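So the structure is just underneath, and the comments pick up after that.
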Amino acid sequence: MLGRTANSIFWMFRYLERAENTARLLEAGFRMALTRGADAANEEWRSLIVTLGEQTAYRQMHSEYSGSQVCNFVLRDKENPQNVLGMIEDARANARSARTSITAEVWEAVNEAWMVLGDLLERPVREASLGTVLATIRREATLVRGATYGSMLRNEIYHFARAGTFLERADNTARILDVKYYLLLPSLAYVGSSLDTGQWDTVLRSLSAERAYRWLNAGRMDPRGIAEFLILDRRFPRSLAFCYDALRGNLKALAELHHNRGECHNLMREADRKLCEATIDSIFDKGLHEFLTAFIGENQAIATAISDDYRFVA
Amino acid sequence: MRQADGSIRPAYRDYVAWLEDQDPALMRRKSREAEQFFRRTGITFNVYGDDDAEERLIPFDMVPRIVTGTEWRRLSRGIEQRVRALNAFMHDLYHRQEILRSGRIPLSLFKDNVAWLPQMVGFTPPGGVYTHIVGIDLVRTGPNEFMVLEDNARTPSGVSYMLENRETMMAMFPELFARIHVQPVSDYPRRLAKSLAACAPDAASDKPVVAVLTPGIYNSAYYEHAFLADQMGAELVEGSDLRVVDGRVHMRTTAGFQPIDVLYRRVDDDFLDPLTFNPQSMLGVPGIMDVYRSGGITIANAPGTGIADDKAIYSFMPEIVEFYTGEKPLLPNVPTWRCAEADSLAYVLDNIADLVVKEVHGSGGYGMLIGPTSSSREIARFKEKLRARPENYIAQPTLALSTVPIFTKAGLAPRHVDLRPFVLVSPNGIDITPGGLTRVALKKGSLVVNSSQGGGTKDSWVLED
Chain A
1 MLGRTANSIF
11 WMFRYLERAE
21 NTARLLEAGF
31 RMALTRGADA
41 ANEEWRSLIV
51 TLGEQTAYRQ
61 MHSEYSGSQV
71 CNFVLRDKEN
81 PQNVLGMIED
91 ARANARSART
101 SITAEVWEAV
111 NEAWMVLGDL
121 LERPVREASL
131 GTVLATIRRE
141 ATLVRGATYG
151 SMLRNEIYHF
161 ARAGTFLERA
171 DNTARILDVK
181 YYLLLPSLAY
191 VGSSLDTGQW
201 DTVLRSLSAE
211 RAYRWLNAGR
221 MDPRGIAEFL
231 ILDRRFPRSL
241 AFCYDALRGN
251 LKALAELHHN
261 RGECHNLMRE
271 ADRKLCEATI
281 DSIFDKGLHE
291 FLTAFIGENQ
301 AIATAISDDY
311 RFVA
Chain B
1001 MRQADGSIRP
1011 AYRDYVAWLE
1021 DQDPALMRRK
1031 SREAEQFFRR
1041 TGITFNVYGD
1051 DDAEERLIPF
1061 DMVPRIVTGT
1071 EWRRLSRGIE
1081 QRVRALNAFM
1091 HDLYHRQEIL
1101 RSGRIPLSLF
1111 KDNVAWLPQM
1121 VGFTPPGGVY
1131 THIVGIDLVR
1141 TGPNEFMVLE
1151 DNARTPSGVS
1161 YMLENRETMM
1171 AMFPELFARI
1181 HVQPVSDYPR
1191 RLAKSLAACA
1201 PDAASDKPVV
1211 AVLTPGIYNS
1221 AYYEHAFLAD
1231 QMGAELVEGS
1241 DLRVVDGRVH
1251 MRTTAGFQPI
1261 DVLYRRVDDD
1271 FLDPLTFNPQ
1281 SMLGVPGIMD
1291 VYRSGGITIA
1301 NAPGTGIADD
1311 KAIYSFMPEI
1321 VEFYTGEKPL
1331 LPNVPTWRCA
1341 EADSLAYVLD
1351 NIADLVVKEV
1361 HGSGGYGMLI
1371 GPTSSSREIA
1381 RFKEKLRARP
1391 ENYIAQPTLA
1401 LSTVPIFTKA
1411 GLAPRHVDLR
1421 PFVLVSPNGI
1431 DITPGGLTRV
1441 ALKKGSLVVN
1451 SSQGGGTKDS
1461 WVLED
């Protein structure tokens, strides 16, 4: 396949994953805001903008953090280079450019996502319809993923698609955990208080992990346990370990198809080794923030190496 | 659809019988469904100079345009003769130029014609084929008379609509196709792939690698480029994917550079090679013309075939057909006045209100004047342009074009149509897909069918008989 097409496929799935995870983050923030007083809610919205790394762009537009301002900024504001509608448009433009490499089912799914969300986000989102909008983003992304899983040949195109998905997901999980944890530090003294439990609940909800975590831990909210779950639990599909199990498989398949290993395979092996050897104690000894920052950097290096090894750009 | 006496044409009898049994409300719903289908599958085109609507649908009308098998056989013979003549003409123009020496065509038509490429002189494309894909625009002017309105020998577009319109009709009205036997069009992409592979250069391997070259997703026909590549199982490449390596054109794949044997390009001549043509072009491949001339790649259609799209050349097609085939043309031209000739110009200026005046190098329905529907001010302004550069224009009568009904809110209503059959040329012969693209003017009384001017399309049926 063409290098340019591989690039389009890779980014199509990265953008879809990013849009979906952003919607999830908003959903958790929205829930948090509903269960708190106004001040705590505004603080929650601020932390959400920080998590997304959009505070500079946001401050240029707004002076305070309210739910509807934050949601509209994140979802559809053209002044925000990372707005969700823009991600969907980018995903669809990449799909269009790689139209000959995806099945009609995948194309129609992403085209429909673009049409449906374009309509929903055409005008500012009111609080009453926010739930519908966020659910729709998740559903449309899920439909594309399902069409991909159910209709695509397991050839290199599929492996580039999946590699994009898991690289992006690992990045997003690491970022959410990093920022949320950092923001929660002052409250570590209150471990066990209701505020704290609520905050940790938000972390889990931002990653659709609350049910799985509760089910495994009988409802005990333990910061260390949560970090361990989100980093190291191979069973949870948004954990770093799960993403890297999947990514390892996709890169291995690419090496076999090309009869050749590249720099991305070396970096993958190294990052994988670190993750496998890590325990939650070793991570906390080194510092969670340091661990996650290093992970995000290495994850990015793998993405760049894939792009170089497979000639994504001339 | 109807004959002069008001009775239904034989081709439409079975269809009309079926239609009379249909519930009008149901038909209206189907019409909306069809639009949804086109939107969902992304069958769109882009309109230049229209920022608001980057992607638009070409309106689709559900009433098919039908010709009988007998009519089609007659048309096919005429089309084949014309396409054969076009290729012979092209070869002659770039070699001995006997038609010019014979005086049948004035030299002035070529001297300053930008569509004629000196780089093609003395070179014969692989397999001797110039126009691998041709679209011949036909209009029906009488019960047994079709005329050629235009030859599209450069990069005829619209074939994806021919295919998608049929798919849509079969999805909406399966019972109709069980009842009426229509010749299939669906194997066009396979025939195209085969036809292109048969034109591979000597340098090609046993299984020639075919690629479709597109200007990219912002091109108005991008959907079609992707569609054809997808259906042929060919790579869809852009200029930035291609590079000349060791005398061959290669594409950058995830496993390195791989050679291409046949390039079905949907990029104009001028943008094909910045080293040979427009140096600003980012859409082409630097050096591809050198590879081409040394037999390393087939370019379809060959560079320089645009000369046959020229409307002044068109007016000489009857002479051209006769010169190269030794036969009378089976398909007549629409009568055409060449404004470069003083007598014709005088006639056109006197009768402009009844004529259609077109630019010689124009296409897509841009830059033309339709006398009967223009205001006196528009006509006056156009006359000035005509007097200033008469050689830039031709004129044709507004014909008594046949109509086919379309669905409107008020029921069926007649509209003017044309028909563009698609023709494939290879050393193995000329292959015409039964049917083609029917374009329809959606405005009452309008003669302009171009999609860029708000025209629509219909499914085109050739009946089995």
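Same order as they appear, the protein sequences are chains A and B. Residues 1 to 314 (the working numbering) are what the first sequence spells out, left to right. Residues 1001 to 1465 (the working numbering) are what the second sequence spells out, left to right. We put the beta carbon where it would ideally sit given N, CA and C, even for glycine. A quick note: this is a predicted structure, and the numbers were derived from the prediction, not measured.
query                                                                                                                                              : result
Residue range of the unbroken beta strand (DSSP E) whose run includes residue 1467(B)                                                              : One cannot answer for residue 1467(B) here, as it falls past the ends of chain B, which runs 1001 to 1465.
Chain A contact for residue 1273(B) (CB, 8 angstroms cutoff)                                                                                       : no
Three-pair Cβ contact test at 8 angstroms for the segment 1332-1342 of chain B versus the segment 1113-1132 of chain B                             : no
Alpha carbon of residue 1406(B) to alpha carbon of residue 61(A), nearest angstrom                                                                 : 51 angstroms
Between the CA atoms of residue 88(A) and residue 16(A) - distance to the nearest angstrom                                                         : 6 angstroms
Contact set between residue 1238(B) and chain A, taken where Cβ atoms lie within less than 9 angstroms                                             : 2, 4, 97
Helix, strand or coil at residue 1318(B) according to DSSP, with G and I counted as helix                                                          : helix
N-terminal and C-terminal residue of the alpha helix (DSSP H) that residue 1347(B) is part of                                                      : 1342-1351
The segment 1319-1332 of chain B contacting the segment 1267-1277 of chain B, beta-carbon criterion three pairs below 8 angstroms                  : no
Beta-carbon spacing of residue 1090(B), residue 1041(B) below 8 angstroms                                                                          : no
Residue interval of the alpha helix (DSSP H) (run including residue 260(A))                                                                        : Counting along the chain, residue 260(A) falls outside any alpha helix (DSSP H), and DSSP gives it neither H nor E.
Within chain B, the residues that residue 111(A) reaches when beta carbons sit closer than 9 angstroms                                             : 1039, 1040, 1041, 1042
Contact set between the segment 250-274 of chain A and chain B, restricted to residues whose Cβ is under 7 angstroms from the partner              : 258
is_contact[residue 1235(B), chain A] using C-beta, thresh 8 angstroms                                                                              : yes
Beta-carbon gap between residue 1354(B) and residue 1397(B) smaller than 8 angstroms                                                               : yes
Cβ neighbour criterion (16 or more within 10 Å) applied to residue 1427(B)                                                                         : exposed
Beta-ladder partner(s) of residue 1437(B), from DSSP                                                                                               : 1420(B)
Bridge partner(s) assigned by DSSP for residue 1411(B)                                                                                             : 1408(B)
Min CB distance residue 154(A) to chain B below 8 angstroms                                                                                        : no
Contacts around residue 1008(B), its chain only, beta-carbon distance under 7 angstroms, and the 5 residues preceding and following it disregarded : 1001, 1002, 1016
Chain-ordered neighbours of residue 1241(B) on chain A, where CB pairs are closer than 7 angstroms                                                 : 2, 4
Identity of the residue in 263(A), 79(A), 38(A) nearest residue 64(A) by Cα                                                                        : 38(A)
Residues bridged to residue 983(B) [DSSP beta-bridge criterion]                                                                                    : Only positions 1001 to 1465 of chain B appear in this structure, which leaves residue 983(B) out of reach.
Any chain A beta carbon closer than 8 angstroms to residue 1230(B)                                                                                 : yes
Minimum C-alpha distance to residue 1455(B) - residue among 1283(B), 1462(B), 1358(B), 1438(B)                                                     : 1438(B)
8 angstroms Cβ shell around residue 1049(B) - same chain, five flanking residues per side excluded                                                 : Because residue 1049(B) sits at a pLDDT of 49, beneath the cut-off of 50, its placement in the model cannot be relied upon, and the following sentence gives the value as read from the coordinates. Counting only Cβ-Cβ distances below 8 angstroms, and skipping sequence neighbours, we find nothing.
Alpha-carbon spacing of residue 1018(B) relative to residue 1313(B), whole angstroms                                                               : 44 angstroms
Which listed residue (13(A), 3(A), 21(A)) has its alpha carbon closest to that of residue 238(A)                                                   : 21(A)
Coil, strand or helix - residue 1145(B) by DSSP                                                                                                    : strand
Partner residues on chain B for residue 108(A), Cβ-Cβ distance less than 7 angstroms                                                               : 1040, 1041
Contacts of residue 1260(B) in chain A (Cβ-Cβ under 7 angstroms)                                                                                   : Under the 7 angstroms cutoff, chain A gives no residues; its nearest Cβ is about 11 angstroms from residue 1260(B).
Same chain, Cβ closer than 6 angstroms to residue 1373(B), five either side skipped, listed in chain order                                         : none
DSSP state of residue 1375(B) mapped onto helix, strand, coil                                                                                      : coil
Of the listed residues 1386(B), 1220(B), 1444(B), 1327(B), nearest to residue 1155(B) (C-alpha basis)                                              : 1220(B)
Residue 1426(B) - partner residues in DSSP beta bridges                                                                                            : 1429(B)
Partners in chain A for residue 1217(B), counting only beta-carbon separations shorter than 8 angstroms                                            : 93, 96, 97
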